[in-house]
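Notes follow once the structure below has been shown.
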Amino acid sequence: MVDRQTAAAAPRRRRINTDRGVRHPLGQAPRCHGARVIGTVGSDTKAAIAISHGLDPVIFGRDADFAAEMSRLTQGCGVDFAIDGIGGSILDKTLECVRRFSTVASVGEASGPIAPLAVEAIDPLRSLSFARPSVMYYAADRVTYASASGAVVRLMDAGIAAPIGRRYLLSDARQAHADLEAGLFSGAAILLPR
Numbered sequence: 300m301v302d303r304q305t306a307a308a309a310p311r312r313r314r315i316n317t318d319r320g321v322r323h324p325l326g327q328a329p330r331c332h333g334a335r336v337i338g339t340v341g342s343d344t345k346a347a348i349a350i351s352h353g354l355d356p357v358i359f360g361r362d363a364d365f366a367a368e369m370s371r372l373t374q375g376c377g378v379d380f381a382i383d384g385i386g387g388s389i390l391d392k393t394l395e396c397v398r399r400f401s402t403v404a405s406v407g408e409a410s411g412p413i414a415p416l417a418v419e420a421i422d423p424l425r426s427l428s429f430a431r432p433s434v435m436y437y438a439a440d441r442v443t444y445a446s447a448s449g450a451v452v453r454l455m456d457a458g459i460a461a462p463i464g465r466r467y468l469l470s471d472a473r474q475a476h477a478d479l480e481a482g483l484f485s486g487a488a489i490l491l492p493r
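Basically this note's numbering = 1-based index in the sequence shown + 299.
Written out as structure tokens, the structure reads:
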């Protein structure tokens, strides 16, 4: 998805709502394509992690008006591609951050389910595209899966991957999920067979 958007964008600006472990590769991978990655975070700890993984600048604060801040950072133009991993009411704010002919991808629901999206929210005057990608659909298409998994392996070989946050025994998967939901660590949860 990042490759497709990067190839289509002229002035390379990106905005990513960072959310726990997903922030690391999403901050680093677009930078490999020359993109400027702007992130949003909710704590000092997350801001430091996001900056260390290539997001610059970072909009800080759960109550920040990140649409206004994004407008300021892009001189009123908006961004070419926005990824929202938070969901809930944040998706509406994310739609305010993009420029004409841009794309918004909704990839998560950390703050709750996403309400039905009215066609008017995509705004025909701005000609926005909206995506709700699923890794399961990418995996179901053999050609796309081979290409995407190869790209992921190349990124990992280049050192672009979420760092390991915590390790759990497979028998403790329920606890790993609870800890991840509670935001008790940053990075990937690794489940070990024993």
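Here a beta-carbon is modelled for each residue, glycine too, at the ideal position from N, C-alpha and C.
Next item on the list: Take the Cβ of Pro253 as the centre, count every other Cβ of all protein chains shown within 10 Å, and call the residue buried at 16 or more, exposed below.
Entry: Residue 253 lies beyond the residue range present for the chain, which begins at 300 and ends at 493; the question has no answer from this structure.
Check: Does DSSP put Val406 in a helix, a strand or coil?
Finding: As a working note, residue 406 is residue 107 in the sequence shown. Three-state DSSP puts Val406 in coil, outside helix and strand.
Check: From Thr443 to Tyr437, what distance separates their C-alpha atoms?
Finding: On the sequence shown, position 144 is the one that residue 443 refers to. On the sequence shown, position 138 is the one that residue 437 refers to. Cα to Cα, Thr443 sits roughly 6 Å from Tyr437.
Checklist line | Simplified DSSP state of Phe365, which is helix, strand or coil | finding: On the sequence shown, position 66 is the one that residue 365 refers to. Helix.
Notebook entry, point to check: Where are the alpha helix (DSSP H) runs, 4 residues long or more, that stay fully inside the region 423-493, in chain order?
Noted result: Listed in chain order, they are 434-439, 441-456 and 472-480.
Margin query: Below 8 Å on the Cβ atoms is my contact criterion, and I expect Asp391 with Val406 to pass it. Report the Cβ-Cβ distance as a whole number of Å.
Written below: One-based indexing of the sequence shown puts residue 391 at position 92. One-based indexing of the sequence shown puts residue 406 at position 107. The Cβ separation is near 16 Å, so there is no contact.
Notebook entry, point to check: If we count the other Cβ atoms within 10 Å of its Cβ and call it buried at 16 or more, is Ile337 buried or exposed?
Noted result: Counted from its first residue, the sequence shown places residue 337 at position 38. Burial state of Ile337 is buried, judged by a 10 Å Cβ sphere holding 16 or more other Cβ atoms.
Notebook entry, point to check: Quick one: Cα of Ala475 to Cα of Val434, how far?
Noted result: Looking up residue 475 in the sequence shown gives position 176. Looking up residue 434 in the sequence shown gives position 135. Roughly 21 Å between the two C-alpha positions.
Check: In chain order, what residues of the same chain have a beta carbon less than 7 Å from the beta carbon of Leu372, not counting five sequence neighbours either side?
Finding: The count along the sequence shown starts at 1 and reaches residue 372 at position 73. If the five residues before and after Leu372 are omitted, its C-beta is found closer than 7 Å to the C-beta atoms of Ile337 and Pro356, all from its own chain and listed in chain order.
Checklist line | Proximity of Pro432 and Ala450 at Cβ, strictly below 7 Å | finding: Locating residue 432 in the sequence shown gives position 133, counting from the first residue. Locating residue 450 in the sequence shown gives position 151, counting from the first residue. No, Cβ-Cβ distance for Pro432 and Ala450 is not below 7 Å.
Notebook entry, point to check: Taking buried to mean at least 16 other C-beta atoms within 10 Å of its own C-beta, is Leu490 buried or exposed?
Noted result: Counting from 1 along the sequence shown, the entry for residue 490 is found at position 191. By the neighbour-count definition (other C-beta atoms within 10 Å, threshold 16), Leu490 is an exposed residue.
Note to self: Between Arg399 and Ser428, how many whole angstroms is the CB-CB distance? I'm expecting something under 8 Å.
What the structure shows: Here residue 399 refers to the residue found at position 100 of the sequence shown. Here residue 428 refers to the residue found at position 129 of the sequence shown. Not a contact, Cβ separation roughly 11 Å.
Check: Buried or exposed: where does Gly320 fall if 16 or more other Cβ atoms within 10 Å of its Cβ makes it buried?
Finding: For the purposes of this step, residue 320 is identified with residue 21 of the sequence shown, where counting begins at 1. Low per-residue confidence applies at Gly320: pLDDT is 42, beneath 50, and the placement is therefore not dependable, though the value from the model is reported in the following sentence. Burial of Gly320 is indicated by the presence of at least 16 other C-beta atoms within 10 angstroms of its C-beta.
Check: What three-state label does DSSP hand Asp379 in the structure shown?
Finding: In the sequence shown, counting from the first residue as 1, residue 379 sits at position 80. Asp379 falls in the strand class under three-state DSSP.
Notebook entry, point to check: Does DSSP put Asp391 in a helix, in a strand, or in coil?
Noted result: Against the sequence shown, residue 391 aligns to sequence position 92. It is helical.
Check: What distance in whole Å lies between the Cβ atoms of Gly386 and Ile421, which are believed to be in contact at a cut-off of 8 Å?
Finding: Counting from 1 along the sequence shown, the entry for residue 421 is found at position 122. Counting from 1 along the sequence shown, the entry for residue 386 is found at position 87. That belief does not hold up - the Cβ atoms of Ile421 and Gly386 are roughly 17 Å apart, past 8 Å.
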